[in-house]
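K.L.:
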Amino acid sequence: MVTYRREDLAPVFIVAPPRAGAKLLFSVLSQVDGCYFRDDHAPDSADQVPELHPSAREWRSGRLDRLDVARLADGVVDRLVSSMLTGARDRADVALPEDLSVVPLLDASARHAMRVPFLAEVFPRARFVLMLRRAAPSVASLTEAWQARRFVPYPRLPDWTGPAPWAYPLVEGWRELADRAVHEIAAIQWQRVTDLLLDDLDELDAARWTTTSFEALTQQPQDEAKRLAAWLGHDWDRELVAPLPVTSTTVSPPDPAKWRRNDAIARVLPAVSQCVERVNERVPDDLRAEGGVGVVPHLPEAGFGSDYTATVPALLREAGASLLVSTYQSGRAIVVRADADGGLNTHFRTMAMPMGVAVAGDRIAIGTKNRVTTYLDHPKKAEQLMPAGTYDGCFLPLSTHYTGDIRIHDMVWAGEELWAVSTRFSALVTVGGLGSFEPRWRPSFVSELGAEDRCHLNGCAVVADRVKFVTALGESDSPGGWREHKANGGIVVDVDSGDVVCRGLSMPHSPRWYDGNLWVLESGKGEIGIVDLMSGRVSPIASLPGFTRGLAFIGPYALVGLSEVRESVFRGLPIAQRQARECGIWMVDIRSGAVAGFLRFTGGVNEIFDVQLLPGYRWPELADTESSLSDDAFVLPATV
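Quick note: to get this note's numbering, add 593 to the position in the sequence shown (first position is 1).
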């Protein structure tokens, strides 16, 4: 019998949200010549090892991460490897070769979606194929699967009293869902698994995973099979035509429109809209053309809900200002405006992962997934907008600069230069030249420029029109090294001297220089505080019910962005222990630390990145990049 070392194995794990078509993808890739796989009905490999079963972790969930690898006793991983290899054959029914390091070993399980960090740690050479599917048919199919009672991984799940036996992956907080309807459970389960899966894959080296979609595979099967086989390092020598044969997990005959006949699914989708946007952003670009396959439609703005205290619009009205808020996971920038009747208006604009926002007078710059768009106020256009006399600003797109996916976080104008934090390159950069970006500064402990997110540089503060301070989540020079100490490894760095002026912070974000002080948000604690530059300590001003990120000031009030905590990213942080976690803008009196009001999002928005004040603009318009308002709005050089 051949013994395989896990370090030598090169498994390929198919991972997907529930009912996204992982079994269909498995049936296709198992036809690649040179791939080995277990029988389609083989039991889940990890659950066959008692130490990896959810019951060994008090049934908290089916989650396995890198820490679980360290906790395992000797021999446990060997049993997992044995479970994965038992009975594996290729398409010609040939058993495994002696050297399995040169051939892909396919493994697919619905529960693998919650195990990516664990599998990546156990198998250093493992790769992953992510299978995505549009939200509506996924949730509808998952609801149907629950009702079929055929896909029950844990028939004797203790304490479960829900409307049907638990189906598919066991998510965190499953006990709290027992009183929900089946379609509501399915939507929440789909969102939690999808968010976890995308978070985990984003932390891996991009070379270790690729993405496909159910729509691509079913509508362009030959092209997609050829592409994936090439990614595996093999040729595709079969002919596939649509429609592909149904798999053993099919509940009812395929019908692309059947989910639309389910009103309950249509009603529940807005509650998971921010997750829909994340899926949309990861569908391969060549499948996103208008009318093409794989496109996830945006949900109506009716899916976004909020409530607020009267103090927030009163503050904006008194200041004659509005707010610009970026919510990258929901794919929206939001203009927050106070109306004449004492209410608050949230005006949405769709963008691809908006994050950093820079404001300087009549200019706005917004950093999104792979570009920076600059907007300029056109006062005469504002006068033409209806109702007449309502708008005092109209920001139209002036230019777009493509940076590539450099993970733009904070952005600021320093003088006439637009600076941005490139988290992926661990550097401060300027935007607008002939290149994608111009590297201008990086921490002294980062030895070279590389797209490796070494320290998770994220925030920058301007003092006297110069970028003066930055925040990072760790003092690391290795790819992703900041993650090892994210709970208390955060730092503040003086850009001029390169010195670390403050250490021991819990995921610091949004440094701001205001009223002669350096303010910072310790996101991992849910706090806002002032940095004492002499002692290197932070004096907390207020503790808030969410992950603090995004900060602006109006007089004696701080407007702090709050995000709900994603357990997969923020596990182990102090904020993760709190029961109440909110998303919105919290108004804090910096004189006393008291909460003076809030704007709370109750649907559609879970995470906020930036909060910027638009001084002098009580009711501005922020136009879409394709708006016809730009057709006859011209900006000429001053010399003309």
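Heads up, the beta-carbon is just placed ideally off N, CA and C, and yes, glycines get one too.
Give a yes or no on contact between the segment 830–848 and the segment 644–658, applying the rule of three or more CB pairs nearer than 8 Å.
P.N.:
Output reads no: the segment 644–658 does not touch the segment 830–848.
K.L.:
Relative to the alpha-carbon of valine 625, which residue among Trp1006, Tyr995, Glu832 and Leu1126 has its alpha-carbon at the smallest distance?
P.N.:
Taking only the C-alpha atoms, the option nearest valine 625 is Glu832.
K.L.:
Helix, strand or coil for glutamate 600 per DSSP?
P.N.:
Helix, per DSSP.
K.L.:
Under 8 Å: do the segment 907–915 and the segment 1206–1216 share three or more Cβ pairs, one atom per stretch?
P.N.:
Contact holds: three or more Cβ-Cβ distances are below 8 Å.
K.L.:
Less than 9 Å between the C-beta atoms of aspartate 719 and proline 604, yes or no?
P.N.:
Note on identity: in this sequence residue 719 is alanine, with aspartate being the wrong assignment. Yes, these two residues count as a Cβ contact at 9 Å.
K.L.:
To test your reading of the DSSP string, which unbroken alpha helix (DSSP H) runs of 4 or more residues are found completely within the segment 640–667?
P.N.:
Runs of the alpha helix (DSSP H) inside the segment 640–667: 659–664.
K.L.:
Buried or exposed: where does methionine 1235 fall if 16 or more other Cβ atoms within 10 Å of its Cβ makes it buried?
P.N.:
A question about residue 1235 goes unanswered here, because the residues of the chain that appear run from 594 up to 1233.
K.L.:
Any idea if isoleucine 980 is buried or exposed, counting beta-carbon neighbours within 10 angstroms, 16 or more meaning buried?
P.N.:
In the sequence on display, residue 980 carries proline and not isoleucine. With fewer than 16 other Cβ atoms within 10 Å, it is exposed.
K.L.:
DSSP state of threonine 842, grouped into three classes?
P.N.:
Coil, per DSSP.
K.L.:
First and last residue of the beta strand (DSSP E) that includes isoleucine 1123?
P.N.:
Residues 1120–1125.
K.L.:
Identify, in the order they occur along the chain, each residue of the same chain with its Cβ nearer than 8 Å to the Cβ of proline 906, setting aside the five sequence neighbours on each side.
P.N.:
These residues qualify, in order along the chain: Ala931, Asp932, Gly935, Gly936 and Leu937.
K.L.:
How about histidine 909 and threonine 804: are their beta carbons less than 9 Å apart?
P.N.:
The amino acid occupying residue 909 in the given sequence is leucine; histidine does not appear at that position. It is not a contact, given that the beta carbons lie outside the stated cut-off.
K.L.:
Which value, in whole angstroms, describes the spacing of the CA atoms of glutamine 1205 and valine 952?
P.N.:
Cα to Cα, glutamine 1205 sits roughly 7 Å from valine 952.
K.L.:
Taking DSSP as the reference, what is the three-state secondary structure of leucine 689?
P.N.:
Correct three-state label for leucine 689: coil.
K.L.:
Where do the N-terminal and C-terminal ends of the alpha helix (DSSP H) with tryptophan 824 fall, by residue?
P.N.:
Where tryptophan 824 is concerned, the enclosing alpha helix (DSSP H) stretches over 814–825.
K.L.:
Where do the ends of the beta strand (DSSP E) carrying arginine 1142 lie?
P.N.:
Per DSSP, arginine 1142 belongs to the beta strand (DSSP E) from 1140–1147.
K.L.:
By DSSP, does cysteine 987 sit in helix, in strand, or in coil?
P.N.:
Strand, per DSSP.
K.L.:
How about serine 638 and arginine 631: do their beta carbons lie closer than 9 Å?
P.N.:
It is a contact, given that the beta carbons lie within the stated cut-off.
K.L.:
Kindly list the residues whose CB is nearer than 6 Å to the CB of valine 886, restricted to its own chain and excluding five residues on each side of it in sequence; keep chain order.
P.N.:
In this predicted model, valine 886 has a pLDDT of only 26, less than 50, meaning its place in the structure is not dependable enough to derive any value.
K.L.:
Would you report the Cα separation of leucine 1144 and glutamate 765, rounded to the nearest angstrom?
P.N.:
Their backbone Cα atoms lie some 31 Å apart in a straight line.
K.L.:
Does DSSP put glutamate 777 in a helix, in a strand, or in coil?
P.N.:
Of the three classes helix, strand and coil, the one that applies to glutamate 777 here is helix, per DSSP.
K.L.:
Between the C-alpha atoms of valine 1014 and tyrosine 761, what's the straight-line distance to the nearest angstrom?
P.N.:
Cα to Cα, valine 1014 sits roughly 40 Å from tyrosine 761.
K.L.:
For leucine 790, does the three-state DSSP call read helix, strand or coil?
P.N.:
DSSP places leucine 790 in helix when its eight states are reduced to three.
K.L.:
Is the distance from the Cβ of glycine 1073 to the Cβ of isoleucine 1084 below 9 Å?
P.N.:
Result no, Cβ atoms of glycine 1073 and isoleucine 1084 do not sit closer than 9 Å.
K.L.:
Hey, is the segment 1028–1044 in contact with the segment 991–998, meaning 3+ C-beta pairs nearer than 8 Å?
P.N.:
Touching, yes.
K.L.:
Buried or exposed: which applies to glutamate 737, given that a residue is buried once 16 or more other Cβ atoms fall within 10 Å of its Cβ?
P.N.:
Label assigned to glutamate 737: buried.
K.L.:
Would you list the residues sitting across from glycine 954 in a DSSP beta bridge?
P.N.:
None; glycine 954 has no bridge partner.
K.L.:
Do you know offhand how far alanine 1189's Cα is from alanine 818's?
P.N.:
Roughly 57 Å between the two C-alpha positions.
K.L.:
Cα separation between proline 1149 and arginine 871?
P.N.:
Their backbone Cα atoms lie some 36 Å apart in a straight line.
K.L.:
In terms of residues, what are the limits of the beta strand (DSSP E) holding methionine 724?
P.N.:
Segment 720–725, the beta strand (DSSP E) holding methionine 724.
K.L.:
Please report the straight-line C-alpha distance between isoleucine 1237 and valine 608, rounded to a whole angstrom.
P.N.:
This structure leaves residue 1237 out entirely; the chain is present only between 594 and 1233.
K.L.:
Round the Cβ separation of valine 1094 and glycine 1043 to the nearest angstrom and send it over; I've been treating them as touching at under 8 Å.
P.N.:
That pair is no contact at about 25 Å.
K.L.:
If we count Cβ pairs, one from each stretch, closer than 8 Å, do we get three or more for the segment 967–978 versus the segment 999–1010?
P.N.:
Contact between the segment 967–978 and the segment 999–1010 is absent, because fewer than three Cβ pairs lie under 8 Å.
K.L.:
Leaving out five residues on either side along the sequence, give the residues of the same chain with a beta carbon under 6 Å from the beta carbon of serine 1116.
P.N.:
Result list for serine 1116: Met1100, His1102, Phe1140, Thr1141 and Arg1142, in chain order.
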